[in-house]
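Heads up: the sequence shown begins at 0 in numbering that gives the first Met the number 0, then just goes up one per residue.
Ideal Cβ placement from N, Cα and C applies to all residues, glycine included.
Quick caveat: nothing in here was measured; it's all calculated off a predicted structure.
Okay, so here's the structure we're looking at.
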Amino acid sequence: MSRLFASSSRVPGCVLAVFVLATVGCTPEKAPTTGGSATPTRSDATIVVGTTRPTPPPSSAISSATPLASASPDPAGGIRANALGKLTGNWIFVGKQVPYPHNIWAEVQIWAIPLDAGEPRLAFTYDVSLGGIPEAIFDNTPYLRRQFSPDGTRMVVSVAGQLMVVDIATGQVRPLGVPGYFPAWSKDGSQIAFVFYVPFDQVTPPEEAIFAISPSGGPVKELARVGYARQAVEWSPDGSTVIVATMDGIALVDAGSGRVVRHLPETAANRSFASWRAATPQIVIAAGACDQTSTALIGLDDARASERTFLDTGERCPALTTQDPRWNPVSRDELLYVATRASSGGMPYEFRAHIFNTASGRDTTLPLDAYEATWTWAGDAVAYLRKAGGFYGDSVRVWRRDGSGERVLLTDTENTSFFSIASLGY
Numbered sequence: 000m001s002r003l004f005a006s007s008s009r010v011p012g013c014v015l016a017v018f019v020l021a022t023v024g025c026t027p028e029k030a031p032t033t034g035g036s037a038t039p040t041r042s043d044a045t046i047v048v049g050t051t052r053p054t055p056p057p058s059s060a061i062s063s064a065t066p067l068a069s070a071s072p073d074p075a076g077g078i079r080a081n082a083l084g085k086l087t088g089n090w091i092f093v094g095k096q097v098p099y100p101h102n103i104w105a106e107v108q109i110w111a112i113p114l115d116a117g118e119p120r121l122a123f124t125y126d127v128s129l130g131g132i133p134e135a136i137f138d139n140t141p142y143l144r145r146q147f148s149p150d151g152t153r154m155v156v157s158v159a160g161q162l163m164v165v166d167i168a169t170g171q172v173r174p175l176g177v178p179g180y181f182p183a184w185s186k187d188g189s190q191i192a193f194v195f196y197v198p199f200d201q202v203t204p205p206e207e208a209i210f211a212i213s214p215s216g217g218p219v220k221e222l223a224r225v226g227y228a229r230q231a232v233e234w235s236p237d238g239s240t241v242i243v244a245t246m247d248g249i250a251l252v253d254a255g256s257g258r259v260v261r262h263l264p265e266t267a268a269n270r271s272f273a274s275w276r277a278a279t280p281q282i283v284i285a286a287g288a289c290d291q292t293s294t295a296l297i298g299l300d301d302a303r304a305s306e307r308t309f310l311d312t313g314e315r316c317p318a319l320t321t322q323d324p325r326w327n328p329v330s331r332d333e334l335l336y337v338a339t340r341a342s343s344g345g346m347p348y349e350f351r352a353h354i355f356n357t358a359s360g361r362d363t364t365l366p367l368d369a370y371e372a373t374w375t376w377a378g379d380a381v382a383y384l385r386k387a388g389g390f391y392g393d394s395v396r397v398w399r400r401d402g403s404g405e406r407v408l409l410t411d412t413e414n415t416s417f418f419s420i421a422s423l424g425y
């Protein structure tokens with residue numbers, strides 16, 4: 000069985016639009032509604048599934064010498080997968096974008112890196128568009144943590160707007176047969192939630208909803224309508240409930256009936272805003288809207304418990320934003336999160352990893368410029384994407400808390416575009 004812990008991609012990417020879209024501001028904001036019978040329309044487009052290819056020679060330093068999968072992009076969305084075989088021990092998975100020469104398309108690469116011994120291995124690749132209609136749903140930097148099956152052997156991705164399942168061990172690729180974006184695999188393995196347009200809403204651009212489907216395919220059910228709050232859900236450990244970002248707050252939704260069981264007034268800080276575990280306290284939420292409350296970490300002992308503020312920064316975004324909180328897998332009181340700073344109207348200029356102790360209230364800033372960060376499974380080290388020049392990370396590193404230094408797992412000085420990191424134990 001796999002154990003999974005990771006951080007997310009914060010910046011949505013581009014996919015092909017399926018509707019002709021107009022201005023966003025012509026519709027009122029809506030709270031989530033009870034799930035109905037409406038489902039995404041199955042696509043009649045041909046889905047091209049890439050074939051398994053040999054793994055390229057491993058290297059701990061990727062450079063421009065690393066070949067792209069092909070000389071030109073594949074708009075049909077073919078996945079080129081390698082069979083990694085049975086994985087054992089602790090692994091880090093990272094996502095990376097490599098642009099094609101014209102910079103309109105890029106290849107997404109998913110790399111698997113053993114922490115114990117061995118070289119990085121390329122798991123699979125596919126092509127994404129880097130341009131499109133601004134109002135369309137963009138998903139070209141997948142959020143790795145939520146997209147793995149509980150045992151870590153499969154991963155669901157949105158490719159050209161279609162949901163695809165990749166078997167990491169065999170390299171086999173299987174389409175789910177439905178369109179969707181920002182998929183999240185339930186922690187009990189029974190469902191995959193995703194974002195898609197409401198089938199017929201008479202609104203331009205069409206509003207969006209959270210849907211769910213079995214990993215084996217089949218009927219699709221609607222869980223909640225979310226307006227334009229296009230974020231992946233966070234599943235409860237037993238797969239019965241999802242945390243959903245909405246236009247007017249955060250909702251806990253019953254995954255069986257679509258009933259909203261609880262509404263929180265806080266605004267989700269970003270796409271990787273929540274983490275839910277079995278231990279108490281169970282839930283942590285990174286909250287804070289730029290025009291409302293200050294940036295904070297909110298905690299709940301369980302789904303019905305009263306909210307309590309773990310950390311109130313006293314600042315608002317964009318000056319300060321907290322994101323991607325992650326529980327330490329061996330210490331029930333420790334949270335890892337990334338704080339960013341930005342000027343109004345500008346891109347973030349500072350990324351810092353923090354460890355917050357929920358028992359003592361102590362917030363410790365780590366000596367890491369981390370675009371994304373997550374725990375290793377021993378809980379004694381932090382795996383992270385170092386933020387340097389460019390927009391994403393330029394290398395994958397592991398920093399030990401005992402002061403013994405850090406180790407570089409993967410780097411690329413030319414294409415500084417590592418966008419997501421996940422930690423798995425087999």
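By the three-class DSSP mapping on this structure, what secondary structure does residue i have?
| i | result |
| --- | --- |
| ARG145 | helix |
| HIS101 | coil |
| MET154 | strand |
| TRP376 | coil |
| GLY257 | coil |
| GLY188 | coil |
| GLY170 | coil |
| PHE210 | strand |
| TYR391 | coil |
| VAL439 | Nothing about residue 439 can be read from this structure; the chain reaches only from 0 to 425. |
| ASP368 | coil |
| VAL202 | coil |
| VAL232 | coil |
| ALA82 | coil |
Evaluate residue i with the Cβ neighbour count: other Cβ atoms within 10 Å of its Cβ, from every protein chain shown; 16 or more gives buried, anything less gives exposed.
| i | result |
| --- | --- |
| LEU367 | buried |
| SER419 | buried |
| LYS85 | exposed |
| GLU265 | buried |
| ARG400 | exposed |
| GLY117 | exposed |
| VAL260 | exposed |
| GLU349 | exposed |
| ASP138 | buried |
| ALA285 | buried |
| SER59 | Note that SER59 scores a pLDDT of 48, beneath 50, so its modelled location is shaky; the value from the coordinates is reported in the next line. Exposed. |
To the nearest angstrom, how far is the alpha carbon of residue i from that of residue j?
| i | j | result |
| --- | --- | --- |
| ARG396 | VAL407 | 4 Å |
| ILE103 | ALA268 | 29 Å |
| ASP166 | MET154 | 7 Å |
| PRO56 | SER213 | Per-residue confidence for PRO56 stands at a pLDDT of 38, beneath the threshold of 50, marking its modelled position as unreliable; no derived number is given. |
| PRO347 | GLU371 | 13 Å |
| ARG307 | VAL172 | 43 Å |
| PRO178 | ALA244 | 20 Å |
| ASP247 | LEU335 | 27 Å |
| MET163 | LEU365 | 37 Å |
| PHE417 | ALA352 | 16 Å |
| ILE132 | PRO204 | 11 Å |
| VAL427 | LYS186 | Any property of residue 427 remains undetermined from this structure, which presents the chain solely from 0 to 425. |
| GLY94 | VAL337 | 18 Å |
| THR339 | VAL219 | 37 Å |
| ILE112 | TYR142 | 17 Å |
| PHE355 | ASP393 | 26 Å |
| ARG258 | ALA250 | 10 Å |
Taking the alpha-carbon of residue i as reference, which of the options has the nearest alpha-carbon?
| i | options | result |
| --- | --- | --- |
| ALA105 | GLY117, VAL127, PHE92 | VAL127 |
| GLN96 | SER71, ASN414, PHE199 | ASN414 |
| PHE195 | LEU251, ALA159, TRP110 | ALA159 |
| SER157 | ARG276, GLN171, ILE136, GLY151 | ILE136 |
| GLY287 | GLY402, ALA278, ALA273 | ALA273 |
| ALA377 | ALA278, LEU423, ILE78 | LEU423 |
| SER293 | VAL283, LEU310, ALA304 | LEU310 |
| PHE199 | ALA192, CYS316, ARG224, VAL107 | ARG224 |
| GLN161 | ASN81, ALA285, PRO174 | PRO174 |
| ILE78 | PHE92, TYR99, THR124 | THR124 |
| ILE191 | PHE147, THR410, GLU349, GLY402 | PHE147 |
| GLY255 | ILE249, SER239, GLY216, HIS262 | SER239 |
| ILE90 | TYR99, GLY151, PRO100 | Residue identity check: residue 90 is Trp in the sequence provided, not Ile. Ranking the options by Cα distance to TRP90, first place goes to GLY151. |
| ALA380 | TYR180, TRP398, GLY257, ALA278 | TRP398 |
| LEU114 | LEU129, THR375, GLY388 | THR375 |
| THR410 | THR87, TYR383, ARG145, ASP323 | TYR383 |
Residue range of the beta strand (DSSP E) that residue i falls in?
| i | result |
| --- | --- |
| ASN327 | Element bounds for ASN327: n/a, residue is neither H nor E. |
| PHE355 | 349-356 |
| ARG315 | Per DSSP, ARG315 belongs to no beta strand (DSSP E) and is neither H nor E. |
| GLN161 | 161-166 |
| PHE123 | 120-128 |
| LYS220 | 219-226 |
| ARG340 | 333-340 |
| ASP301 | That residue, ASP301, is in no beta strand (DSSP E); it is neither H nor E in DSSP. |
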